[in-house]
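Residue numbers (the working numbering): 46 to 237.
Written out as structure tokens, the structure reads:
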């Protein structure tokens, strides 16, 4: 955790300047690719602590954009939804987000338990912990699963195009707010 916290903190400082220059989704793609490379490094020699720690540090640095920018990108999606359809879906979106965040902990634990049970792990026998099948299961749960997820994030974010509508979306939202204020007979006050 300590090895991951330091590069994640450093990544937090680097993420926004990069995102402001190239865009949120491209920054997430680049970070995810860095995390995938970090994961692949870990598979070179998974029983080498120094190599796996280096892999983990690279993955943590690459995870910064996904950690710190994804909700801002989600806000762009919500703005686009409002501009196109005239309503915001913040409540539904955050309900789904919260359910995923809570539910994934149980699902992840279930996957790890299935991997361990399928590999022959037994908490009663120390010999099964050292078996090749248990080590392989742990390598895939610690290195492989996260690497695959970062690859999926990179692919999904590569096709994310909502940012190109941001200026138009904000104009449309302001126009809708002006019309709504006029219909209600109140002066429009700009958000600024």
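C-beta: ideal position from N, C-alpha, C; glycine also.
Neighbourhood of residue i by C-beta, 6 angstroms cutoff - its chain only, sequence neighbours within 5 removed
i, result
"residue 128", "214, 217 and 218"
"residue 124", "214"
"residue 205", "70"
Residue j beta carbon less than 9 angstroms from that of residue i
i, j, result
"residue 190", "residue 156", "yes"
"residue 121", "residue 211", "yes"
"residue 118", "residue 70", "yes"
"residue 57", "residue 109", "yes"
"residue 111", "residue 54", "no"
"residue 81", "residue 201", "no"
"residue 192", "residue 164", "no"
Residues of its chain near residue i, where Cβ-Cβ distance is below 8 angstroms and the 5 sequence neighbours each way are ignored
i, result
"residue 50", "105"
"residue 131", "221"
"residue 68", "208"
Other residues of its chain near residue i: CB distance less than 7 angstroms, five sequence neighbours each side excluded
i, result
"residue 52", "102, 105 and 106"
"residue 72", "60, 63, 64, 110 and 114"
"residue 89", "96"
"residue 91", "97, 184 and 188"
Run of the alpha helix (DSSP H) containing residue i, from where it starts to where it stops
i, result
"residue 191", "190-203"
"residue 179", "177-184"
"residue 77", "69-89"
"residue 230", "No alpha helix (DSSP H) holds residue 230; DSSP gives it neither H nor E."
"residue 163", "135-163"
"residue 109", "94-130"
Neighbour-count burial assignment, residue i, 16 or more Cβ in a 10 Å radius
i, result
"residue 87", "buried"
"residue 199", "buried"
"residue 116", "exposed"
"residue 47", "exposed"
"residue 84", "buried"
"residue 234", "exposed"
"residue 161", "buried"
"residue 188", "buried"
"residue 79", "buried"
Taking three-plus beta-carbon pairs below 8 angstroms as touching, is the stretch 222-233 in contact with the stretch 86-97?
no
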